[in-house]
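Heads up: the protein sequence lines correspond to chains B and Z, in order.
Mapping of the first sequence onto my numbering: residues 1 to 101, in sequence order.
Mapping of the second sequence onto my numbering: residues 1 to 101, in sequence order.
C-beta atoms are modelled at their ideal positions from N, C-alpha and C, and glycine is treated no differently.
A quick note: this is a predicted structure, and the numbers were derived from the prediction, not measured.
2 protein chains.
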Amino acid sequence: MSKANKTMPNETELYDLADLFKVFGDSTRLKILFVLFEGESSVGDLATSLNMTQSAISHQLKILKVNKLVNSRRDGKLIFYSLADEHVRSIIAQGREHIEE
Amino acid sequence: MSKANKTMPNETELYDLADLFKVFGDSTRLKILFVLFEGESSVGDLATSLNMTQSAISHQLKILKVNKLVNSRRDGKLIFYSLADEHVRSIIAQGREHIEE
DNA sequence: TGAACATATGAATAGTTGTTCATATGTTAA
DNA sequence: TTAACATATGAACAACTATTCATATGTTCA
Numbered sequence: 001m002s003k004a005n006k007t008m009p010n011e012t013e014l015y016d017l018a019d020l021f022k023v024f025g026d027s028t029r030l031k032i033l034f035v036l037f038e039g040e041s042s043v044g045d046l047a048t049s050l051n052m053t054q055s056a057i058s059h060q061l062k063i064l065k066v067n068k069l070v071n072s073r074r075d076g077k078l079i080f081y082s083l084a085d086e087h088v089r090s091i092i093a094q095g096r097e098h099i100e101e
Numbered sequence: 001m002s003k004a005n006k007t008m009p010n011e012t013e014l015y016d017l018a019d020l021f022k023v024f025g026d027s028t029r030l031k032i033l034f035v036l037f038e039g040e041s042s043v044g045d046l047a048t049s050l051n052m053t054q055s056a057i058s059h060q061l062k063i064l065k066v067n068k069l070v071n072s073r074r075d076g077k078l079i080f081y082s083l084a085d086e087h088v089r090s091i092i093a094q095g096r097e098h099i100e101e
């Protein structure tokens, strides 16, 4: 080993990790996740409850999905999004603990 | 309550939370934090071990400090930075768990 | 005091990102 | 099939961000 020590992840993991945190680093996406904490929701309902356009929500949902923070299922014309796993909750919970000090 | 439900944080907390995650959303800052996981380090040593300019590291350390992720102490000409608290470790650990699936 | 060293900082720039707008895709019901 | 509805997507633009460069600030030692 030259510059990195034993606990430094490799470049790929570092970038993946940074990318993951970037996803959490936007208040619109956080709002979507907080809504989904309560249960699945359709795109239109998310747009309504967050008072944003359908397009903006859809773009952000795509980012959340690509990063595997949410899943989706279609039911007729509607598409319902839901939390992908519990890491989402715990990461956000740790973040909240940090800022409440 | 109108648009927000009982678990939705207020706007201020949401923005603070997004800002916190933004700090983690950069690979240079993550690298700095991983080095600091091993113990405190001076600005120059960080620059050397990460193979980056002193200025770039200093700018990023400022962001980490403003967001209370690191502390600093001066010892002569050197300034040593260290992790501010254990939330930093746990947030990053949760992130790593998520991407390793 | 002045030189040498370590760190911080402001301005500039290139690259990235979130939203909007227009429109495309997909689904249902008549 | 066609209209109406729900969602996705691409392009464009404004806002933001990380690095570089030049230089300022702060510290030590001779």
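Smallest Cα separation from alanine 49 of chain Z: which of Z:Thr28, Z:Arg89, Z:Phe24, Z:Ile79? For the sequence presented, residue 49 of chain Z should be read as serine rather than alanine. Nearest option by C-alpha distance: Z:Thr28.
So the alpha helix (DSSP H) leucine 14 of chain B belongs to, where does it begin and stop? Element bounds for leucine 14 of chain B: 11–24.
I want to see whether chain Z comes within less than 8 Å of alanine 18 of chain B, judged by CB atoms only; does it? yes
Quick check: glutamate 40 of chain B and serine 82 of chain B, are their CB atoms within less than 8 Å of each other? yes
List, from N- to C-terminal side, the beta strand (DSSP E) runs of 3 residues or more that fit wholly inside the stretch 44–88 of chain Z. 70–75, 78–83
Among residues of its own chain, excluding the 5 on either side of glutamine 54 of chain Z, which ones have a beta-carbon nearer than 8 Å to its beta-carbon? Val43, Gly44, Ala47
Less than 8 Å between C-beta atoms, sequence neighbours within five positions excluded: which residues of the same chain meet that for glutamine 60 of chain Z? Correct list, in chain order: Asp26, Thr28, Arg29, Ile32.
Could you tell me whether any Cβ in chain B is nearer than 8 Å to the Cβ of histidine 87 of chain Z? yes
With a 10 Å radius around its C-beta and 16 neighbouring C-beta atoms as the bar for buried, classify valine 66 of chain B as buried or exposed. exposed
Using only alpha-carbon positions, find the residue among B:Arg96, B:Glu86, B:Gln94, B:Val23 that is nearest to glutamate 101 of chain Z. B:Glu86
Determine which residues of the stretch 55–87 of chain Z have a Cβ less than 7 Å from any Cβ of chain B, and write them out in chain order. His87
Interface residues of chain B around aspartate 45 of chain Z at Cβ under 8 Å? Near aspartate 45 of chain Z there are no residues of chain B at all, since even the closest Cβ is about 11 Å away, more than 8 Å.
With 8 Å set as the bound, which would you pick, yes or no: does the beta-carbon of glutamine 94 of chain Z sit closer than that to a beta-carbon of chain B? yes
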